[in-house]
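J.: Please read through the structure below; I'll follow up with questions.
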Amino acid sequence: MTDHNSTNQETTHFGFKQVPVEDKANKVADVFHSVAAKYDIMNDLMSGGIHRLWKRFTIEISGVRAGHKVLDIAGGTGDLSYKFSQLVGKDGLVVLADINDSMLKVGRDRLTDRGVCGNLVVAQADAQYLPFPDNTFDCITIAFGLRNVTDKDLALRSMLRVLKPGGRLLVLEFSKPRSQLLNKAYDAYSFRILPLIGKLVTNDSESYSYLAESIRMHPDQSTLKDMMETAGFTNCSYHDMTGGIVALHKGIKP
Amino acid sequence: MLDPTLLVAASATLEAIINKALQYDPATLKSLQKNTGKSLAIEISELNLTLCFHLGNPITITNHCEDPTVKLKGSLPALLSLALSDSTNLAKSGVTAWGNTAFLAEVKSIARRMEIDWEDAINQWLGDIAGHQIAEGLRRQFGWLNNRRISGERLLKEFLTEELRATPSPAELESFTSAVDQIYLKTDRLNARIQQLSARLQQQDSATNKE
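If you're matching them up, the sequences are chains W and L in order. Residues in the first sequence are numbered consecutively from 2, following this note's numbering. Residues in the second sequence are numbered consecutively from 166, following this note's numbering.
Set out below in structure tokens:
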């Protein structure tokens, strides 16, 4: 997912812009430092609350049960981790991981306030280089995080490594709407209304312009499925949600 | 196949309604809590839709269930008919069951005993005095409607049987089926008698031919 420019410097996309590979992580980090405090309220405003239904569906598909070990990558403010901590019970473990410490602090505080303890740990981790032993987790989820990763193939291979054989990876991410009409409406919403909401609520329209741009640059449903298969996952499939605006990809470690 | 977002929204709404209603029936809630960890999956065949009820406090409803305690599959009318009937027998119901059917019988028994205190729910909103008056009014209306339904059913039955003579009365039907049974038995006996006579004739023929 990287390109070489005329000076032989490796570049990658940051929204619609091309930036040096080593700069992308910092730029993404800046975006999330900026939005962390109002991340939840913005999610509700931008999606009309539908993001809760997408996450609920992800939890249904995860098949997580008591005693499981779950890694919630790019877990942000801990929506999925909270539900997982209830499902795995006292004998299970949930690791809430995020590369961004601002998001992680918000998530950790929020989960502590909700009384989650004992079966949940918080880790600042890069999805490309997960700091866990091989064959550790029964389930890994990455919700609205993969598109921000610089090298998605490397991240998928890293997730495969730490999954137990038979464990499942779930990638919840924005995707490509199936209908042309919906696509046009979605474009208008993403590029006009979304930055406006960002400006009004967080006084930061640029971060939300990046959000819209990064969604357009993210691989579509079938490309991501192919990427998962190339990384080594089997039985890969995906569910389109809300007309394909979001897709949930599932892959199993053989 | 419906969009998963809609399915999840519908199951979340149903879940919220059931959990809210159960707050006003603590006895049922306690009975259901005894079965925490068990799940009942219902697959509606024509809609290709599965609803899985995970018992506990609160009850959760999902559209995916990997290993339910018991699973029922059938058409919507068949499932509704089973839910509304007092019978726990699945024979000829059009519903197929897998798993622990004793748990299914228990759920049915709990559902039959369910008694939601609607008055308490109304009182939460309108206060004790207004809530009680409205609940009394509703009870009277429901009582009246229930009586009308019972007498309506009886009158319709009598009209069809006695006036129109379109359907037989239970006594007539019983007498008719009894007569059919008798004919069936007599026909069987006659058939056996004919076969016996036929065998005897064959024996006589073969004896005559030997002579």
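Cβ atoms here follow ideal geometry from the backbone N, Cα and C, with glycine treated the same way.
What's the call for S343 (chain L), buried or exposed, on a 16-neighbour Cβ count within 10 Å?
T.: The residue given as residue 343 (chain L) occupies position 178 in the second sequence. Per the 10 Å Cβ criterion, exposed.
J.: Starting from V260 (chain L), trace the beta strand (DSSP E) in both directions and tell me its first and last residue.
T.: Your numbering for residue 260 (chain L) matches position 95 in the second sequence. No beta strand (DSSP E) contains V260 (chain L), which DSSP labels as neither H nor E.
J.: What residue does the alpha helix (DSSP H) around H219 (chain L) start on, and which one ends it?
T.: Looking up residue 219 (chain L) in the second sequence gives position 54. Careful: H219 (chain L) lies outside any alpha helix (DSSP H), inside the beta strand (DSSP E) at L214 to H219.
J.: I want to see whether chain W comes within less than 8 angstroms of P233 (chain L), judged by CB atoms only; does it?
T.: As a working note, residue 233 (chain L) is residue 68 in the second sequence. For P233 (chain L), no CB of chain W lies under 8 angstroms from its own CB, so it is not counted at the interface with that chain.
J.: Can you name, in chain order, every residue of its own chain whose Cβ lies under 8 angstroms from the Cβ of E271 (chain L), other than the five neighbours on each side?
T.: Residue mapping note: residue 271 (chain L) aligns to position 106 of the second sequence, counting from 1. Only N200 meet the Cβ criterion.
J.: Please identify the residue among W:Y211, W:R109, W:D110 and W:R115 whose C-alpha is closest to the C-alpha of N149 (chain W).
T.: As a working mapping, residue 149 (chain W) is identified with position 148 in the first sequence. Here the closest residue by C-alpha is W:Y211.
J.: Per DSSP, which one or two residues make a beta bridge with F174 (chain W)?
T.: The count along the first sequence starts at 1 and reaches residue 174 (chain W) at position 173. First, the residue type needs correcting, since residue 174 (chain W) is Glu and not Phe in the sequence shown. W:A248, per the DSSP bridge assignment.
J.: Rounded to whole angstroms, what is the Cα-Cα separation between D221 (chain W) and T113 (chain W)?
T.: Here residue 221 (chain W) corresponds to residue number 220 of the first sequence, with the count starting at 1. Here residue 113 (chain W) corresponds to residue number 112 of the first sequence, with the count starting at 1. Cα atoms of D221 (chain W) and T113 (chain W): separation of roughly 36 angstroms, rounded to the nearest angstrom.
J.: At a CB distance below 8 angstroms, what residues from the segment 130 to 155 of chain W approach chain L? Give them in sequence order.
T.: none
J.: Check the Cβ of H229 (chain L) against every Cβ in chain W and list those closer than 9 angstroms, keeping chain order.
T.: Within the second sequence, the letter at position 64 stands for residue 229 (chain L). Here the neighbours are F58, E61, I62 and G64.
J.: If L164 (chain W) sits next to I141 (chain W), beta carbons under 8 angstroms apart, how far is it from one beta carbon to the other, in whole angstroms?
T.: As a first step, residue 164 (chain W) must be located in the first sequence, where it is residue number 163. As a first step, residue 141 (chain W) must be located in the first sequence, where it is residue number 140. With a Cβ gap of about 6 angstroms, L164 (chain W) and I141 (chain W) count as contacting.
J.: If we cut at 8 angstroms on Cβ distances, does G49 (chain W) have a partner in chain L?
T.: The sequence position of residue 49 (chain W) within the first sequence is 48, counting from 1. It does not: the Cβ of G49 (chain W) has no partner Cβ on chain L nearer than 8 angstroms.
J.: When the cut-off is 8 angstroms and only beta carbons count, does T201 (chain L) lie next to chain W?
T.: Translated into the one-based positions of the second sequence, residue 201 (chain L) becomes position 36. Not closer than 8 angstroms to any Cβ of chain W, the Cβ of T201 (chain L) fails to qualify, so no.
J.: Quick test of the definition: if touching needs 3 or more C-beta pairs under 8 angstroms, does the segment 55 to 75 of chain W touch the segment 87 to 97 of chain W?
T.: yes
J.: Which residue or residues does DSSP assign as beta-bridge partners of Y83 (chain W)?
T.: Within the first sequence, the letter at position 82 stands for residue 83 (chain W). Y83 (chain W) pairs with nothing; no bridge assigned.
J.: Between the segment 168 to 194 of chain L and chain W, which residues of the former have a C-beta closer than 7 angstroms to a C-beta of the latter?
T.: Hits within the stretch, in order: D168, P169, T170, V173, A174 and A177.
J.: Are the segment 80 to 92 of chain W and the segment 117 to 132 of chain W touching, with three or more C-beta to C-beta distances below 8 angstroms?
T.: yes
J.: Taking only runs that begin and end inside the segment 25 to 104 of chain W, name each unbroken beta strand (DSSP E) of 3 or more residues, in chain order.
T.: 70 to 74 and 94 to 99
J.: Determine whether the Cβ of T235 (chain W) lies closer than 8 angstroms to any Cβ atom of chain L.
T.: Along the first sequence, one-based indexing puts residue 235 (chain W) at 234. Closer than 8 angstroms: no.
J.: Is V172 (chain W) near H52 (chain W), with beta carbons less than 8 angstroms apart?
T.: Residue mapping note: residue 172 (chain W) aligns to position 171 of the first sequence, counting from 1. Residue mapping note: residue 52 (chain W) aligns to position 51 of the first sequence, counting from 1. H52 (chain W) is positioned such that its CB atom lies no closer than 8 angstroms to that of V172 (chain W).
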